[in-house]
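S.K.: First residue of the sequence shown: 110, per our numbering; consecutive thereafter.
Quick one: the structure is below, and I'll ask about it shortly.
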Amino acid sequence: MKAKDIYFKTMKFVWLKLALGAAITAAATILLAIFMLIGNAIGGGGGMYIMLLIWLASVAVIYKLAMSYIGYMLKAGHVAVIASAVTTGQLPDDQFEYGKQMVKSRFAASNVYFVVDRLVSGAVRQLQKIVGKTGDFLSVVPGMTAVTGFIQTFIGIALGYVDECCLGYCFLKSEDGAFKASCDGVVIYFQNAKKLLKDAAITTLIVMALTLASWVVPLVIFIGIFQMFHWNIFAAVLLAIIVAAVLKSAFIDSWMMVKMMVSYMEVAPSTQITFDLYSKLSGLSNKFKELFNKAKQEGPINVSPAPAMAYGASINGVSNQQQNSTSNVQDEHTAQPASTSFCGQCGTPISDGKFCPKCGASVK
């Protein structure tokens with residue numbers, strides 16, 4: 110099924126996300142009215158701004174509590190249905206019940222999913238910072254600030270859905286533990302990063318334009334209404350931000366999630382991890398290292414050896430003919446035996462011996 114078809118046929122989840130956001134917005138509006146009345150009663154001015162700060166803190170708590178459970182479960186159920194649609198070409202008759210049962214059977218307890226999602230999201234955020242450091246280095250070149258800023262925004266949006274992709278991979282790899290499947294899912298994403306980022310390019314530009322519109326339109330509307338009644342403009346801006354975030358989360362994020370998951374699910378089931386990204390990603394992100402260590406507790410993680418041709422074709426874009434002419438030169442990672450294990454401290458591949466050759470840790 111195409112991304113557009115899946116998006117519109119799973120709109121039930123989008124409407125539920127919108128309803129959740131609308132409930133949060135309604136609660137925020139009621140609290141705003143109450144705190145504004147209290148602010149006026151105590152003399153306005155400084156008292157009003159104190160009430161606004163209290164209101165902002167209250168809304169933040171409400172949003173965090175609602176999204177940390179209800180929002181997460183909605184997202185997980187939506188991901189389960191999308192994964193099924195991409196891999197089977199069909200949607201379950203009762204999407205809500207299917208999503209609920211898949212989440213329950215896969216993670217047993219919601220806190221397991223929360224931990225997996227936190228580790229994957231944290232790892233991706235840390236890997237994104239590498240791009241940021243590159244941008245800081247290039248900012249000394251005239252005219253490069255805007256370019257690197259756009260690249261960082263693009264990478265940030267494209268990588269912002271890795272956790273959903275990995276969660277979808279978890280549902281596919283039900284025979285593996287949740288941490289192991291998620292760890293493999295991250296590695297598969299970065300092994301196919303070139304294709305996935307290319308697929309995301311045009312969609313990301315559209316998403317950036319729609320996101321801008323979702324922020325500007327509510328801002329203009331609320332400022333106009335608040336000016337008409339001579340209410341506090343700062344409160345109008347805050348309320349507009351909440352509405353914009355709700356619209357983006359329900360419609361724009363759901364669309365981008367579907368697009369990225371469709372691209373990912375097309376390559377993930379057939380991808381063989383043919384070189385060691387585990388140790389590389391562990392060295393770049395302590396969150397991924399933590400996920401990797403939890404994955405190893407569920408079972409051994411091995412790298413499947415593959416011919417150098419497959420490695421070069423998927424990563425470097427080298428033609429088969431060129432690879433055949435250099436077949437005697439094997440990549441150091443693809444040459445690893447299937448029994449390769451990894452150090453529990455630093456993630457370095459270990460083929461034999463009792464100690465890690467990099468950090469010296471004992472191998473059990």
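Heads up, the beta-carbon is just placed ideally off N, CA and C, and yes, glycines get one too.
All values derive from a computational prediction rather than experimental measurement.
#1: State the DSSP-derived secondary structure class of I311, mapped to helix, strand or coil.
#2: Measure the alpha-carbon distance for K173 versus A310 and round it to whole angstroms.
#3: Hey, how far is the Cα of A112 from the Cα of A142?
#4: Decide if the segment 274-284 is in contact with the segment 386-402; the criterion is three or more beta carbon pairs, one per stretch, under 8 angstroms apart.
#5: Thinking just about the alpha-carbon of each residue, which of T380, E407, Y373 is nearest to the one in V195?
#6: Taking just the CA atoms, how far does T262 sit from D202?
#7: Buried or exposed: where does F338 fall if 16 or more other Cβ atoms within 10 Å of its Cβ makes it buried?
#8: For the pair the segment 161-176 and the segment 128-135, tell me if three or more CB-CB distances fall below 8 angstroms.
#9: Is the separation between the beta-carbon of F117 and that of H187 shorter than 9 angstroms?
#10: Between the alpha carbons of S323 and K368, how many angstroms are there, rounded?
#11: Can you tell which of Y181, C275, L305 has the C-alpha that lies nearest to the C-alpha of G294?
#12: I think V212 touches A185, with their Cβ atoms under 8 angstroms apart; what is that distance to the nearest whole Å?
#13: In or out: T313 buried (at least 16 other Cβ within 10 Å) or exposed?
#14: Where does E284 sit, in a helix, a strand or coil, going by DSSP?
#15: Any contact of the segment 284-301 with the segment 397-407, i.e. 3+ C-beta pairs under 8 angstroms?
#16: Mind listing, in chain order, the continuous alpha helix (DSSP H) runs of no fewer than 4 residues lying wholly within the segment 171-232?
#17: How long is the line joining the alpha carbons of A422 and K303, rounded to whole angstroms?
#18: Can you tell me where the alpha helix (DSSP H) with Y387 in it begins and where it stops?
#19: May I ask you to report which of helix, strand or coil DSSP gives A132?
#20: What span of residues does the alpha helix (DSSP H) with S372 cover, start to end?
#21: Just reading off the alpha helix (DSSP H) that K113 is part of, what are its end residues?
#22: When burial is assigned at 16 or more other CB atoms within 10 Å of the CB, is K307 buried or exposed?
#23: Put S167 into one of helix, strand or coil per three-state DSSP.
M.R.: A quick look at the data gives this:
#1: As a first step, residue 311 must be located in the sequence shown, where it is residue number 202. Three-state DSSP puts I311 in a helix.
#2: Numbered from 1 along the sequence shown, position 64 holds the residue referred to as residue 173. Numbered from 1 along the sequence shown, position 201 holds the residue referred to as residue 310. Between K173 and A310, the C-alpha separation is close to 31 angstroms.
#3: Against the sequence shown, residue 112 aligns to sequence position 3. Against the sequence shown, residue 142 aligns to sequence position 33. Going from the Cα of A112 to the Cα of A142 covers about 41 angstroms.
#4: Cβ pair count under 8 angstroms is below three, so no.
#5: In the sequence shown, the residue the question calls residue 195 occupies position 86. Out of T380, E407, Y373, the CA that lies nearest to the CA of V195 is found in Y373.
#6: Position 93 of the sequence shown, counted from the start, is the residue given in the question as residue 202. Position 153 of the sequence shown, counted from the start, is the residue given in the question as residue 262. A direct Cα-Cα distance of roughly 38 angstroms separates D202 from T262.
#7: Position 229 of the sequence shown holds residue 338. When all chains shown are included, F338 counts as exposed.
#8: The segment 161-176 vs the segment 128-135: in contact.
#9: Taking the first residue of the sequence shown as position 1, residue 117 is located at position 8. Taking the first residue of the sequence shown as position 1, residue 187 is located at position 78. In this structure, H187 does not lie closer than 9 angstroms to F117 by Cβ.
#10: Numbered from 1 along the sequence shown, position 214 holds the residue referred to as residue 323. Numbered from 1 along the sequence shown, position 259 holds the residue referred to as residue 368. Whole-angstrom Cα-Cα distance: 19 angstroms.
#11: Locating residue 294 in the sequence shown gives position 185, counting from the first residue. G294 has its Cα closest to that of C275, out of Y181, C275, L305.
#12: The sequence position of residue 212 within the sequence shown is 103, counting from 1. The sequence position of residue 185 within the sequence shown is 76, counting from 1. Confirmed, Cβ separation roughly 5 angstroms.
#13: Translated into positions along the sequence shown, residue 313 becomes position 204. Counting every other CB atom within 10 Å of its CB across the protein chains shown gives T313 a total of 16 or more, marking it as buried.
#14: Mapped onto the sequence shown, residue 284 falls at position 175. When secondary structure is reduced to three states using DSSP, E284 falls in the coil class, being assigned neither helix nor strand.
#15: At 8 angstroms Cβ cutoff, the stretches touch.
#16: With a minimum length of 4 residues, the continuous alpha helix (DSSP H) runs that stay inside the segment 171-232 are 181-197, 204-216.
#17: Here residue 422 corresponds to residue number 313 of the sequence shown, with the count starting at 1. Here residue 303 corresponds to residue number 194 of the sequence shown, with the count starting at 1. Confidence at A422 is low in this model, with a pLDDT of 37, below 50, so the placement of that residue is unreliable and no value is reported for it.
#18: The count along the sequence shown starts at 1 and reaches residue 387 at position 278. In the DSSP assignment, Y387 falls within the unbroken alpha helix (DSSP H) covering 387-393.
#19: For this step, residue 132 is matched to residue 23 along the sequence shown. Assignment of A132 by DSSP, reduced to helix, strand and coil, places it in the helix class.
#20: Numbered from its first residue, the sequence shown carries residue 372 at position 263. Run containing S372: 362-376, per the alpha helix (DSSP H) assignment.
#21: Counted from its first residue, the sequence shown places residue 113 at position 4. Per DSSP, K113 belongs to the alpha helix (DSSP H) from 112-118.
#22: Sequence index remark: in the sequence shown, residue 307 carries index 198 (1-based). By the 10 Å Cβ count, K307 comes out exposed.
#23: Mapped onto the sequence shown, residue 167 falls at position 58. In the three-state reduction of the DSSP assignment, S167 falls in the helix class, which pools H, G and I.
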